[in-house]
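Engineer:
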Amino acid sequence: MADKIQCPKCGTENYTTDVVCLSCGANLQEPQRPPEAKAAEKVEGVPMAPSGPATPAKPEEPPPSPPSAWESAMPFIRALGIALALTLIEVILIYALNKDHQYPKSAWGLRFPVDMVPKIMVATLVIGLARGVLIGGLLHLTAWSPTVSLLIGGALGWTGLGTLIGGLVVGFAIGLSYSGHQPVIKN
-9 MADKIQCPKC
1 GTENYTTDVV
11 CLSCGANLQE
21 PQRPPEAKAA
31 EKVEGVPMAP
41 SGPATPAKPE
51 EPPPSPPSAW
61 ESAMPFIRAL
71 GIALALTLIE
81 VILIYALNKD
91 HQYPKSAWGL
101 RFPVDMVPKI
111 MVATLVIGLA
121 RGVLIGGLLH
131 LTAWSPTVSL
141 LIGGALGWTG
151 LGTLIGGLVV
161 GFAIGLSYSG
171 HQPVIKN
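So the sequence shown is numbered by my numbering: it starts at -9 and just counts up by one.
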């Protein structure tokens, strides 16, 4: 006659050749704990750690490193490069289209020498970028999230670039009008 074992879950007797309990479906192939361990578990009410080989712990991945100073500065460097390129394009256009270096009249009715154009554009660039950095930094200090600070400060800093783009259009119009190509304005 075959030996019988008791199911650890429901207590039903099963044959040792059975893999699972026929009553509750519990696995009968798990290593059986000695009765003393079961009694101690019932007395203390705290389940004991299962006996057997412990599974090896998975190695933890190191936390991602914060971005370097160079990576953090890239948006500012990119904005500065775009602004400088726009400034250079405008200066080249004004000098190329205004060869006699007279005093063009801007869209606001101001007269300024062509030699002042680079200084005006660089001042606009510096003021716009400084404003964006200052406002973004102040917002970050007042506990705004870095993303919101970057967006608002960047938008206000890009206002300087907006001025540059507007200046580029105005400068191009000045150059065209000064070279004899009068724009047609219909009322």
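Every residue, glycine too, gets a C-beta built ideally from N, C-alpha and C.
Within 10 angstroms of the Cβ of C11, are there 16 or more other Cβ atoms? Answer buried if so, exposed if not.
Structural biologist: Result: buried.
Engineer: Pull up the CB-CB distance for V207 and Q(-4), whole angstroms please, since I reckon it's below 8 Å.
Structural biologist: In the structure displayed, the chain extends from -9 to 177; residue 207 sits before or after that span and is not available.
Engineer: Return the chain-ordered list of same chain residues with a C-beta closer than 8 Å to the C-beta of C14, the five sequence neighbours on each side being excluded.
Structural biologist: Only C(-3), K(-1), C0, T2 meet the Cβ criterion.
Engineer: When DSSP labels each residue in this structure, what does P173 get in the three-state scheme?
Structural biologist: With a pLDDT of 48 at P173, under the threshold of 50, the modelled position of that residue is not reliable, and no figure is offered here.
Engineer: Determine the DSSP secondary structure at E51, reduced to helix, strand or coil.
Structural biologist: Three-state result, E51: coil.
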